[in-house]
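All remarks here apply to the structure that follows.
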Amino acid sequence: MNGKLIVFEGVEGCGKTTQMHLCSQWLESLNISVVLTREPGGTELGKDLRGLLLSKSANKPVSDITEILLYAADRAQHIEEELKPNLAMGKYILCDRYTDSTIAYQGYGRGLDMSLINNLNQIATGGLTSDITIWLDVDVEVGLSRKRGQATLDRIEQETIAFHRRVQRGYTDLYVSYPSRIVRVDGSGSQEIVQQNIQKILQKRLFS
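Residue numbers (full-length UniProt numbering): 1 to 208.
What follows is the structure in structure tokens.
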């Protein structure tokens, strides 16, 4: 069996982490070997980088260029240490964020040059793309209200509403540009309904 890379994407509070775990349980019930991981933070090095990227520091803000380079470093290590070996063993990898996050957040959100982002993504991934990306689409305001009701917000979650709307526009444009890879799922429904829709998509795309 060939391994598969299934990525979950979306704005803050879209429910991707919850849906990823529910999807893992479903796949394991089908006797499929599953690996759960995330970016940033999918390796030991990545955990340290995640802390640097998401910790809020008013006195020492992270510059936009520093931010994207840290994300690229996390991704490069993640691919070599986790993604490639597990794919080679035929495992299904469920990944919380991947290259589309960089385009949406650092490209559309921060306004960084898209050619720079594409080059860094290519260097970090070596051309490894997802087999399918599940984009959980929710209104920015809905997603942020979910996050604010759960826990302390990290550095990215504390960005302005205008920033998060630009990120959402990025995901929308990516969905239009890559219809064969990115599948939109309405994330505003109940957890059960959203999960049912994801399972239908994966059954059609991966198992039929």
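We put the CB at the ideal spot given by N, CA and C, even for glycine. Since this is a predicted model, take the numbers as computed values, not measurements.
Please state the DSSP three-state secondary structure of residue i.
| i | result |
| --- | --- |
| ILE6 | strand |
| TYR178 | coil |
| VAL34 | strand |
| ILE156 | coil |
| THR133 | strand |
| ARG165 | helix |
| ASN121 | helix |
| SER115 | helix |
With distances taken between CB atoms, is the gap from residue i to residue j smaller than 7 Å?
| i | j | result |
| --- | --- | --- |
| TYR175 | ARG184 | yes |
| GLU39 | ARG75 | yes |
| residue 285 | ARG148 | There is no way to answer for residue 285, as the model of the chain reaches only from 1 to 208. |
| GLU82 | GLY42 | yes |
| LEU94 | LEU36 | yes |
| VAL138 | GLY189 | no |
| ASN121 | THR99 | yes |
| LEU70 | LEU49 | yes |
| SER130 | LEU27 | no |
| ILE79 | LEU128 | yes |
Please work out which residues of its chain come closer than 8 Å, Cβ to Cβ, to residue i, disregarding the five sequence neighbours upstream and downstream, and give them in chain order.
| i | result |
| --- | --- |
| TYR105 | ILE156, VAL167, GLY170 |
| ASP173 | TYR108 |
| GLY3 | ASN86, LEU87, ALA88, MET89, GLY90, LYS91, TYR92, ILE93 |
| GLN191 | GLY15, THR18, GLN19, LEU22 |
| GLN158 | LYS56 |
| LYS200 | none |
| LYS204 | none |
Take the Cβ of residue i as the centre, count every other Cβ of all protein chains shown within 10 Å, and call the residue buried at 16 or more, exposed below.
| i | result |
| --- | --- |
| ALA72 | buried |
| GLY126 | exposed |
| ASN31 | exposed |
| ALA124 | buried |
| GLU67 | buried |
| SER63 | exposed |
| GLY111 | exposed |
Can you pull the DSSP bridge partners for residue i?
| i | result |
| --- | --- |
| LEU45 | Paired residue(s): none; LEU45 is not in a bridge. |
| ARG184 | TRP135 |
| TYR92 | LYS4, VAL34 |
Considering only residues of the same chain and omitting the five flanking positions on each side of residue i, which have a CB-CB separation below 7 Å?
| i | result |
| --- | --- |
| ILE198 | GLN19, CYS23, ILE134, VAL185 |
| HIS164 | VAL11, GLU12, VAL140, LEU144 |
| ILE103 | ILE117, GLY170, LEU174 |
Give every residue of the same chain whose Cβ lies closer than 6 Å to the Cβ of residue i, excluding the five residues on either side of it in the sequence, and list them in chain order.
| i | result |
| --- | --- |
| PHE8 | LYS16, MET20, ASP96, ILE134 |
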